[in-house]
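Here's the structure, in structure tokens; my notes come after.
There are 2 protein chains.
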Amino acid sequence: MGRMSSAREKLFLKRAAESVPVLHECVCRPVGEVVPRKSRAAFQGWQLDPVSLAPKPKAWSARIHQKNNSSFILDFGEHLVGYVECTLAVVGAVIDAPMHLKITFGEVPSEVCEPLDPYHGALSRGWLQDETFNLIPREKLRIERRVAFRYVKFEITKPSFSYGVRFTDVTCRAFTSASAKKLAPYRGPKEFRDIDKVAVRTLANCMQDVFEDGPKRDRRLWLGDLRLQALTNEVTFRNHALVRRSLYLLAAFAPTNDLIRSDCYVYPKLGQGGCTILDYALLFAPTLLEYARASGDQKTARELWPLAKFQIDFVLERFIDQRGLFVDPKKYWLFIDWRSGLEKETPIQGILIFALAQLAELARHLGLAREIPAALAAKEKLTEAARKYLRDPRTGFYVSGPKRQVSWHSHAWLIIAGVITPDEGAKLLKRLRKSKDVVMPAGPYLYHYVVEAMLLCGLKQEALDLMRNYWGSMVKKGASTFWEVYDPKNDHLSPYENHHINSYCHAWSCTPSYFIRKHFR
Amino acid sequence: MGRMSSAREKLFLKRAAESVPVLHECVCRPVGEVVPRKSRAAFQGWQLDPVSLAPKPKAWSARIHQKNNSSFILDFGEHLVGYVECTLAVVGAVIDAPMHLKITFGEVPSEVCEPLDPYHGALSRGWLQDETFNLIPREKLRIERRVAFRYVKFEITKPSFSYGVRFTDVTCRAFTSASAKKLAPYRGPKEFRDIDKVAVRTLANCMQDVFEDGPKRDRRLWLGDLRLQALTNEVTFRNHALVRRSLYLLAAFAPTNDLIRSDCYVYPKLGQGGCTILDYALLFAPTLLEYARASGDQKTARELWPLAKFQIDFVLERFIDQRGLFVDPKKYWLFIDWRSGLEKETPIQGILIFALAQLAELARHLGLAREIPAALAAKEKLTEAARKYLRDPRTGFYVSGPKRQVSWHSHAWLIIAGVITPDEGAKLLKRLRKSKDVVMPAGPYLYHYVVEAMLLCGLKQEALDLMRNYWGSMVKKGASTFWEVYDPKNDHLSPYENHHINSYCHAWSCTPSYFIRKHFR
């Protein structure tokens with residue numbers, strides 16, 4: 008890593024630019040008008056019922072006289088990412104004065120059924136997709152902002168007193184860098200086809216200029232999401248160039264003397280991300296190996312090998328105690344999952360061991376034989392330490408942190424790392440399900456690794472049930488893309504203190520297609 | 008009037024198009040930042056004090072972190088009509104999320120010092136000049152709407168948590184079809200120069216593609232305003248083509264079997280206005296005569312003669328009773344002034360007589376000698392009736408309506424009509440000032456005709472005092488253009504139930520320059 012940052016950055020940005028994707032355009036129209044209805048049974052309490060009148064796919068009227076807040080909602084039938092435009096036709100007398108028009112986009116019904124303000128969420132309010140126009144209606148209204156939505160509400164908040172407006176030809180030019188033509192068909196059982204369809208759409212809508220985490224928010228490339236997107240991409244769209252581009256972008260902005268940034272800004276311009284998540288950094292090597300295997304692109308893997316190795320060495324050299332256990336340096340963000348109160352050292356121990364194994368594999372793949380022994384030796388040392396110190400001999404469970412916390416997180420990662428053998432893992436996972444005081448996964452990102460652990464332990468039926476009960480229940484609740492956070496028992500869960508700000512088309516939730524297409528053909 | 012409307016409309020629109028004006032552009036910058044201060048002494052209770060720091064005419068900072076509603080106000084020093092743009096520079100970390108920016112334009116301080124909502128005014132809320140943007144800050148922000156303002160408030164209503172914004176190079180591309188080069192200089196007393204400057208700017212800012220009533224609102228061409236604008240234009244910018252264009256536009260949309268529309272839509276496209284004000288229709292002939300005399304353009308006057316005559320004949324034939332008095336047909340809007348409860352028949356009688364005199368003059372000017380006798384005969388008949396039936400022999404005052412109301416309106420117009428002689432008028436006007444229960448003028452439009460009546464009666468000092476006390480007091484209250492409605496004792500007066508919706512640069516208030524330049528050189 009002795010090169011000057013700027014020279015490396017320039018080279019890697021050049022490589023990333025070589026793989027700028029083609030964005031495929033599709034002009035989409037609403038399938039109909041819908042009206043909100045409160046319903047306890049519906050997701051977040053809102054049902055959108057089709058208007059009983061015959062659908063008029065090309066023209067919706069809003070003729071308003073001296074009445075504020077007249078509104079209507081259109082349903083595009085599925086989640087889209089793109090640019091919306093419509094034609095405004097004046098109804099009635101002359102255009103005597105400007106009017107105020109508010110357009111609100113919703114990925115899920117609550118965003119167009121509930122007021123967005125007052126807002127006290129933890130992320131910027133600007134992410135919520137409402138736009139206000141003070142305008143003299145002219146023929147075309149084009150909304151400049153790229154939006155991610157299924158529902159759109161048009162609301163004349165401040166009408167003129169002399170005319171109404173008819174909205175016609177509301178369209179969305181939807182974009183994705185996923186090519187529908189290249190999508191491998193999936194012909195498994197109907198139930199899986201439904202889940203697969205939503206997962207594939209989730210992935211496709213996050214595939215833009217890079218792999219975005221969510222097209223509504225944050226519209227950024229995140230390393231942890233990237234790995235899951237790339238895995239799913241392998242069995243669906245096989246857009247290897249987009250993985251290459253994303254790897255090079257993250258690599259371009261990596262510091263030379265610190266862990267790689269876990270995110271990368273894309274809009275309004277490419278730039279170094281603001282976060283360093285230690286567990287994400289460790290996943291750079293596995294992601295690179297998986298890319299190299301899937302694409303056959305040895306050149307990229309060789310060029311990024313030093314960076315992949317650097318992440319693991321950096322952690323090994325600094326944050327492993329004499330016993331061989333990872334110790335939280337307290338200066339990095341450890342993510343693992345959104346679950347608050349989670350003790351993260353043991354899951355990180357698992358990730359580190361997994362990363363070492365993958366690093367050794369990558370060395371083998373690249374013919375760097377002399378790099379292998381050290382990685383395997385470190386892997387062995389950390390594995391032994393984990394078995395020796397992290398297993399509670401009384402219960403057989405693996406624990407994390409001073410409070411000796413038992414979590415799905417620790418077990419999933421230690422199984423993936425091979426610390427826990429498949430046989431032992433199968434028993435422990437079954438016991439975890441029945442135990443009290445076990446810390447549960449909080450979101451799809453960790454649920455992915457739980458499913459992976461189950462499959463590694465041969466618990467195919469359990470993995471299937473988990474997908475059915477978790478992702479499948481989102482489908483039952485009307486999801487046309489999978490959500491960033493989801494608790495089947497709490498529709499309003501949000502790590503950002505506001506359910507509207509959640510991303511409802513989120514990259515890390517797309518992996519059911521990976522599992523289904525790999526294991527349930 | 009036997010031609011088909013569409014053929015005439017086409018011809019007259021062609022004539023109007025021949026006179027599309029050149030819009031002169033001037034790039035203007037703020038003179039400084041100001042902060043609001045409540046002050047009983049200030050107009051509408053708001054004083055805008057210059058910021059004590061050294062002014063930075065090219066850069067204003069607004070660095071905002073997790074704080075809503077951070078704002079600042081810039082003062083452009085004088086009223087402008089045009090398009091505002093600025094450069095947004097991000098301060099701090101990366102651009103992580105969109106932000107909400109609200110920009111509010113004010114002709115007077117209250118518009119940028121008070122919340123505009125809740126709004127319960129009688130005209131469309133859209134006229135108030137606030138624009139909301141949900142944006143990722145990019146280099147240039149251009150506000151598409153044409154605005155009329157002196158003050159502009161920038162307000163970050165929903166910030167991002169990661170960056171602030173610096174606003175630099177806030178400019179206004181200001182437009183007018185008045186040519187500063189052609190403006191005749193005025194070198195009278197200082198006090199008049201101050202009033203004249205404001206009046207000239209009022210006229211210039213209303214001179215756009217047509218003579219607008221107000222560039223904030225309604226941005227329309229109105230016949231009543233046009234006459235006063237044209238009179239003032241004669242002694243200032245002498246843009247005769249704009250008068251010609253405006254006359255032809257009104258003529259183009261005139262019905263063939265009814266009075267001319269008193270207004271004409273200009274934005275977003277030319278179109279027939281929605282109002283028919285009987286007293287405005289009668290003023291078409293005087294306006295045409297004044298235009299013909301000032302410009303020497305006989306062709307236009309000849310082409311529009313039938314329309315001018317039609318308005319007067321239409322009223323004469325239908326709405327004059329056997330005595331020779333105008334009777335309100337109750338199917339037209341009689342305007343005269345905003346004063347509520349005003350009895351309008353007698354002022355209309357005056358306008359009709361004045362219009363007949365001007366029609367006869369116009370016939371003479373055009374060599375249409377055979378048209379003269381009938382007009383003069385009608386004028387004579389109506390004058391006699393007015394003297395016989397409208398004068399209260401007990402008081403000497405002229406009255407209007409069944410309640411025999413005494414108003415400035417009746418006397419001003421009967422003096423202008425010549426019904427009341429200058430000597431009699433001088434006495435009556437002096438007595439009116441001392442009388443109780445006299446209906447007072449409510450706004451600048453009628454005050455214009457009062458000043459004109461005073462000058463016709465030789466009351467030069469009284470006319471001067473009125474201008475000083477009325478328009479002059481707007482100047483003292485900080486006006487850089489004259490206001491649509493004004494009562495020196497009630498800053499919040501509005502015919503539309505909301506003082507923000509008043510137009511504060513209004514055509515019909517520009518006539519002090521006409522009087523000053525004509526009578527007080």
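Protein sequence lines correspond, in order, to chains A and B. Sequential numbering of the first sequence, starting at 8, is according to our numbering. Sequential numbering of the second sequence, starting at 8, is according to our numbering. From the three backbone atoms N, C-alpha and C, an ideal C-beta is built for every residue, glycine too.
query	result
Say whether chain A places a C-beta atom closer than 8 Å to the C-beta of A110/B.	According to the sequence displayed, residue 110/B carries Ile and not Ala. Closer than 8 Å: no.
Taking R152/A as the reference, which of R145/A, F140/A and I163/A has the closest Cα?	F140/A
Flag this pair as yes or no: are the beta carbons of F308/A and Q365/A separated by less than 8 Å?	According to the sequence shown, residue 308/A is Ala rather than Phe. No.
If you measure between the beta carbons of I284/A and S269/A, is that distance less than 8 Å?	yes
Compare the Cα-Cα distances from C282/B to each of S407/A, A315/A, S169/A and W229/A and report the closest residue.	S169/A
What does a CB cutoff of less than 8 Å around L473/B pick up in its chain, not counting 5 residues either side in sequence?	Y454, V457, V458 and M461
Roughly how many angstroms lie between the CA atoms of V91/A and R157/A, to the nearest whole one?	11 Å
Mind pulling the chain A residues with CB within less than 9 Å of Y521/B?	Result: empty, since nearest Cβ-Cβ is about 29 Å, beyond 9 Å.
Let me see if you follow: with CB-CB separation under 8 Å, is K165/B close to chain A or not?	yes
Quick check: the segment 365 to 381 of chain B against the segment 424 to 438 of chain B, are at least 3 beta-carbon pairs closer than 8 Å?	no
If you measure from the beta carbon of F168/A to each beta carbon in chain B, is any gap under 8 Å?	yes
Look up H499/B in the DSSP assignment and say whether it is helix, strand or coil.	coil
Does R15/B come within less than 8 Å of chain A when only Cβ atoms are used?	no
In terms of DSSP beta bridges, what is K160/B paired with?	I80/B and T111/B
Kindly indicate which three-state DSSP category E16/A falls into: helix, strand or coil?	helix
If you draw a straight line from the alpha carbon of S417/B to that of P105/B, how long is it in whole angstroms?	60 Å
Confirm, please, whether the CB-CB distance from R180/B to E85/B is below 8 Å.	no
So P105/B contacts chain A; which residues on that side make the cut at Cβ distance below 8 Å?	S131, G133, W134 and R152
Look at the Cβ atom of A392/B, then the Cβ atom of R325/B, and state whether they are nearer than 8 Å.	no
Taking Cβ-Cβ distances shorter than 7 Å, what residues in chain A pair up with G171/B?	Within chain A, no residue comes near G171/B; the closest Cβ sits about 13 Å away, beyond 7 Å.
What residues from chain A crowd round Y272/B, counting only those whose CB sits closer than 8 Å?	V101, I102 and D103
Check whether the segment 190 to 201 of chain B and the segment 126 to 134 of chain B touch, using three or more Cβ-Cβ pairs below 8 Å as the test.	no
Quick one: does P122/B have its CB under 8 Å from some CB of chain A?	no
Taking only beta-carbon positions, decide if T139/B is within less than 8 Å of chain A.	yes
So with Cβ pairs under 8 Å, would you call I267/B a contact of chain A?	no
Considering only DSSP beta bridges, list what P43/A is partnered with.	L55/A
Kindly list, in the order they appear in chain B, the residues whose Cβ is closer than 8 Å to that of P57/A.	In chain order: nothing, as chain B lies at least about 29 Å away.
With F342/B and D286/B assumed to form a contact (beta carbons below 8 Å), what rounded beta-carbon distance in angstroms separates them?	6 Å
Determine whether the beta carbon atoms of V482/A and I202/A lie at a separation below 8 Å.	yes
Shortest alpha-carbon distance to C93/B belongs to which of I267/B, R36/B and A23/B?	R36/B
Taking its Cβ as the centre, do 16 or more other Cβ atoms sit within 10 Å of D344/A, making it buried, or is it exposed?	buried
What is the residue span of the alpha helix (DSSP H) that V207/A lies within?	K197 to C213
State buried or exposed for A6/B, treating a residue as buried only when at least 16 other CB atoms are found within 10 Å of its CB.	The structure shown does not extend to residue 6/B, since chain B spans only 8 to 528, so no value can be given for it.
Beta-carbon separation of V205/B and T243/B under 8 Å?	no
Going by beta-carbon coordinates alone, are F527/A and L471/A separated by less than 8 Å?	yes
So what's G128/B in DSSP terms, helix, strand or just coil?	coil
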